[in-house]
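Right, one structure below, let's go through it.
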Amino acid sequence: MELGPYQSSASTSSRILAVKKPLNTPLNKLQPRTPKHLQQPIVVINATSSPCHVFVSKYSRPSAHDDWYTLAPGARDSWARDGWEVVGFKNDNDSDRGGVYVRVDSTVTFGGLHNISWK
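In terms of our numbering, the sequence shown opens at residue 791 and continues consecutively.
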């Protein structure tokens, strides 16, 4: 009987078990996957005529950035995240703030610090 490259005969040693060739599985197949419904971004729209300062937390994606970003009037941008996040806004001199806690696949519309909506 001919043995494969990772097999041994029981007669070689009673303590050695036959080991079959290891699975040829790519490492990324073993990594946990983010469910498809959580692979959508968080979109922020500035519905005002002034720039707004916005940040999106990074609780669900620690490698992401949560720096403040200036969004131009009428502009929109998106942040890739994997779960629930805080979307925060502040005024120019940082004397007032507002925000919401949303899940991915949400659109947050900034109409002013006291006029923030999401869907």
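Glycine is no exception: its CB is placed at the ideal position from the N, C-alpha and C atoms.
Is residue i helix, strand or coil when you go by DSSP?
| i | result |
| --- | --- |
| R887 | strand |
| V834 | strand |
| P816 | For P816, the predicted model reports a pLDDT of 49, less than 50, meaning its position is unreliable; a value from the coordinates is still stated below. Coil at P816, not helix or strand. |
| V892 | strand |
| W858 | coil |
| D867 | strand |
| S853 | coil |
| W874 | coil |
| S907 | strand |
Beta-carbon separation of residue i and residue j under 8 angstroms?
| i | j | result |
| --- | --- | --- |
| P841 | L861 | yes |
| W874 | V898 | no |
| I835 | R866 | yes |
| R910 | R871 | Summary: the structure shown does not reach residue 910, with the chain confined to residues 791 through 909, and so no result is reported for it. |
| W908 | V890 | yes |
Would you call residue i buried or exposed, if buried means 16 or more other Cβ atoms sit within 10 Å of its Cβ?
| i | result |
| --- | --- |
| S853 | exposed |
| S896 | buried |
| V877 | buried |
Report the CB separation of residue i from residue j in whole angstroms; it is logged as a contact under 8 angstroms.
| i | j | result |
| --- | --- | --- |
| K880 | H843 | 5 angstroms |
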